[in-house]
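Trainee:
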Amino acid sequence: MEKEIIKGYKVTDNDMRCRGYQYELGKTYNQPGQVELCGNGFHFCVSPAHCFNYYEFTSDNRVFEIEASGDIVHGNDKSACSDITLVRELTWEEVLKFVNQGVGNTGFGNTGDWNTGDRNTGYRNTGDWNTGDRNTGYRNTGDWNTGYRNTGYRNTGDWNTGDRNTGYSNTGYRNTGAFCTGEAPFPIFNQPSNWTEHQFKQSKAYSLLCQVDTKQWVPSSHMSDAEKEKYPSHKTAEGYLKDIPFKEAFQNKWHNWSAESRRAFFDLPNFSWEIFTEITGVKPE
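Just so we're aligned, residue 0 is where the sequence shown starts under numbering that gives the first Met the number 0, counting upward by one.
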């Protein structure tokens, strides 16, 4: 527990309601009792992008800059406090700027995160755990894409290191062929699988992947002199958001997961240690 006032961000519905509370700008709310993450207290995120790990990324929701005070507890990407004040509402343009984090990413409103590839020109492509290059497909939507030459926006294929997906104008749920009306088998580890994308996103492996956080809030008090010089805005923000390479972030989680949790990745269709290591950095034990 710590007692301080910190800046954060909170999402509400269009009527400024969240978890039974009706909020108003400038008003301070207090929640009595012990503050617990996912339990008692007002929840918020230090990074606005992290808010959308818990709320749908849509302009129907509203994002507010808040001041958290009283008793405060922090998790990996979410915090809770006993006292909260909604200071101002962010414009949707501000929200999009916060969420778009890709390197060389020229898309606007990109909901895929942790995209480390450069010059991605595919648009809404959906294969997962793929390797290769030159993804020129249309409608690419992937996350954790480490292949290069991807510059499109709204990539939703997940944890890909490669390219050459060329599906175009599909009407099914995130298909990768041409003029398809059904949901096609979902490629995993560079091969077709007997899963659909929906099945993959219902899997424990996907749930674990969503826990991998490539952003870390570093308070000013914990910053090195070099970091303070590089990020002078820490004086007003009271810290900065540190980028963590995906492999490093994944391995940090991997070492904390139980053997049972790790097994969820091995149970994925077409599991390949070679591809898994290339993407995550984790090697066979």
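Using N, Cα and C, we set each Cβ at its ideal position, and we do this for glycine too.
In chain order, which beta strand (DSSP E) runs of at least 3 residues are fully inside the region 169-247?
Mentor: With a minimum length of 3 residues, the continuous beta strand (DSSP E) runs that stay inside the region 169-247 are 214-218 and 238-242.
Trainee: To the nearest angstrom, how far is the alpha carbon of Asp242 from that of Gly7?
Mentor: The alpha-carbon atoms of Asp242 and Gly7 are separated by roughly 18 angstroms.
Trainee: Can you check which of these residues, Tyr239, Gln198 and Gly40, is closest to Val217 by C-alpha distance?
Mentor: Among Tyr239, Gln198 and Gly40, the Cα nearest to that of Val217 belongs to Tyr239.
Trainee: When you compare only the Cα positions, how much space is there between Asn13 and Ser68?
Mentor: Using only the alpha carbons, I get a separation of about 25 angstroms.
Trainee: Which residues bound the beta strand (DSSP E) around Glu55?
Mentor: First-last for Glu55: undefined, no H or E at that position.
Trainee: Roughly how many angstroms lie between the CA atoms of Cys44 and Lys214, to the nearest whole one?
Mentor: Spanning the two alpha carbons is a distance of roughly 12 angstroms.
Trainee: Going by CA-CA distance only, name the one from Thr90, Val94, Leu267 and Pro47 that's closest to Gln190.
Mentor: The option with the nearest alpha carbon to Gln190 is Leu267.
Trainee: Quick check: the region 192-209 against the region 26-36, are there 3 or more CB pairs under 8 angstroms?
Mentor: The region 192-209, when compared against the region 26-36, does not touch it at the 8 angstroms Cβ threshold.
Trainee: So Asn75 packs on Asp212, CB below 8 angstroms; how close in whole Å?
Mentor: Going by Cβ atoms, the distance from Asn75 to Asp212 rounds to 5 angstroms, so yes, they are a contact pair.
Trainee: So which of Ala79, Thr27, Thr57 and Glu66 has the shortest CA-CA distance to Val94?
Mentor: Among Ala79, Thr27, Thr57 and Glu66, the Cα nearest to that of Val94 is on Thr57.
Trainee: Less than 8 angstroms between the beta carbons of Tyr28 and Thr11, yes or no?
Mentor: It is not a contact, given that the beta carbons lie outside the stated cut-off.
Trainee: Within the continuous alpha helix (DSSP H) that includes Glu277, where are the two ends?
Mentor: From DSSP, the alpha helix (DSSP H) with Glu277 extends over Trp272 to Thr279.
Trainee: Select from Glu237, Phe188 and Glu64 the residue whose C-alpha is nearest the C-alpha of Ile274.
Mentor: It is Phe188.
Trainee: Are there 16 or more other CB atoms within 10 angstroms of the CB of Ile4, so buried, or fewer, so exposed?
Mentor: So Ile4 ends up on the exposed side.
Trainee: Can you tell which of Ser78, Leu24, Arg16 and Trp194 has the C-alpha that lies nearest to the C-alpha of Asp59?
Mentor: Measuring from the Cα of Asp59, the nearest candidate turns out to be Arg16.
Trainee: Determine the burial state of Lys96: buried for a count of at least 16 other Cβ atoms within 10 Å of its Cβ, exposed for fewer.
Mentor: Exposed, since its Cβ has fewer than 16 Cβ neighbours within 10 Å.
Trainee: Considering just the uninterrupted stretch of the beta strand (DSSP E) at Ser81, what are its terminal residues?
Mentor: Run containing Ser81: Ser78 to Glu88, per the beta strand (DSSP E) assignment.
Trainee: DSSP state of Arg61, grouped into three classes?
Mentor: Arg61 falls in the strand class under three-state DSSP.
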